[in-house]
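Here's the structure we're looking at; comments come further down.
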Amino acid sequence: MRKNANLRTLTVLNKPTTILHKKYTEKSKNKRIAKIRRQRGYHWEDTIVKRFNALDDWKAFRLGSPSVALPDVLVVSSKNNTIFTIEAKSGTGNTLQVPFDQIIRCLNWTNTFVLYETRKVILAFKFLSKKRVGVGKYESRELREFFKVWDETKNAIDCVCTYEGKTYAIQSRKRVKLNLKNYKMPFFKP
Numbered sequence: 000m001r002k003n004a005n006l007r008t009l010t011v012l013n014k015p016t017t018i019l020h021k022k023y024t025e026k027s028k029n030k031r032i033a034k035i036r037r038q039r040g041y042h043w044e045d046t047i048v049k050r051f052n053a054l055d056d057w058k059a060f061r062l063g064s065p066s067v068a069l070p071d072v073l074v075v076s077s078k079n080n081t082i083f084t085i086e087a088k089s090g091t092g093n094t095l096q097v098p099f100d101q102i103i104r105c106l107n108w109t110n111t112f113v114l115y116e117t118r119k120v121i122l123a124f125k126f127l128s129k130k131r132v133g134v135g136k137y138e139s140r141e142l143r144e145f146f147k148v149w150d151e152t153k154n155a156i157d158c159v160c161t162y163e164g165k166t167y168a169i170q171s172r173k174r175v176k177l178n179l180k181n182y183k184m185p186f187f188k189p
């Protein structure tokens, strides 16, 4: 199999004499990109669930259907009387954004379970070890993960985390300072 220089056709050599051409349309290219993004997100959610389930007193569940009003991950510990709703974002850029409606969704879930003494909305950001520098072009960098706890005294707003771990809000198309505290997750050993 060999790709042509224009990246719009794929030449498949089945036999030395047979050449098949498959055209990549813009629509199919966009579908491929969307699928890759979803896979990154699912993998990050699955990693978080596995980390919690490896602990004795914690149970985590990936709830994840994008069409349903559910958080990405629900985590409970009856022993610690704690519940977390987690919105997970993963990518290759320098910023990752959580839309305000996803924060509201998480807040609604944590506020529903009033029996738990500790109820937190956690925004989990994973910056992959490759940085996108152009269409289909990447360069290596350090993998970074940030777990930020949403301040429930604030109204839900579009939230952005940078590769450096700083957070800000987007309000009326402008950056607004937003200090979210880092949260020390139970699966990180001291």
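Be aware that the sequence shown starts at 0, since it is given in numbering that gives the first Met the number 0, and climbs by one per residue.
Glycine is no exception: its CB is placed at the ideal position from the N, C-alpha and C atoms.
Check whether the stretch 128–141 and the stretch 96–116 touch, using three or more Cβ-Cβ pairs below 8 Å as the test. Flag = no, the stretch 128–141 and the stretch 96–116 do not touch.
If you draw a straight line from the alpha carbon of T111 to that of C158, how long is it in whole angstroms? Their backbone Cα atoms lie some 23 Å apart in a straight line.
Are the beta-carbon atoms of A123 and A87 separated by less than 7 Å? Less than 7 Å separates the beta-carbon of A123 from that of A87.
Do V72 and V97 have their C-beta atoms closer together than 7 Å? Here V72 is not near V97, since their CB atoms are 7 Å or more apart.
Here's a check: name, in chain order, each residue in its chain whose Cβ is nearer than 7 Å to the Cβ of D56, leaving out the five neighbours to either side. Result list for D56: S76, K78 and N79, in chain order.
Coil, strand or helix - V175 by DSSP: Strand, per DSSP.
Burial state of T8, where buried means 16 or more other Cβ atoms lie within 10 Å: Reliability fails at T8, whose pLDDT of 48 lies under 50, so the model's placement of it is uncertain and the value that follows must be treated cautiously. By the Cβ-count criterion, T8 is exposed, with fewer than 16 other Cβ atoms from all chains shown falling within 10 Å of its own Cβ.
Can you tell me the Cβ-Cβ gap for T166 and Y115, rounded? I've got them flagged as a contact below 8 Å. Actually they do not touch by this definition, with Cβ atoms about 25 Å apart.
Spell out the partners DSSP gives E86 in its beta bridges. Per the DSSP secondary-structure output, E86 pairs in a beta bridge with L122.
Tell me the residue span of the alpha helix (DSSP H) that contains R61. Run containing R61: none in the alpha helix (DSSP H); it sits in the beta strand (DSSP E), K58 to R61.
In the DSSP output, what is Y162 paired with across the bridge? When DSSP reads this structure, Y162 sits in no beta bridge, so it has no partner.
Endpoints, beta strand (DSSP E) assigned at F145: Taken as a continuous stretch (DSSP letters only), the beta strand (DSSP E) holding F145 covers R143 to V148.
Pairwise C-alpha distance: F83 and T117: Per the coordinates, the alpha-carbon of T117 lies some 8 Å from the alpha-carbon of F83.
What did DSSP end up calling T91 once you bin it into helix, strand or coil? Reduced to three states, the DSSP call for T91 is coil.
Is the beta carbon of F146 closer than 7 Å to that of C160? Cβ distance not < 7 Å, so C160 and F146 don't count as in contact.
Residue of V148, L106, I156 and T91 minimising C-alpha distance to K136: The shortest Cα separation from K136 among V148, L106, I156 and T91 belongs to T91.
Please report how far the alpha carbon of T152 lies from the alpha carbon of C105, in whole angstroms. Cα to Cα, the separation comes out at about 14 Å.
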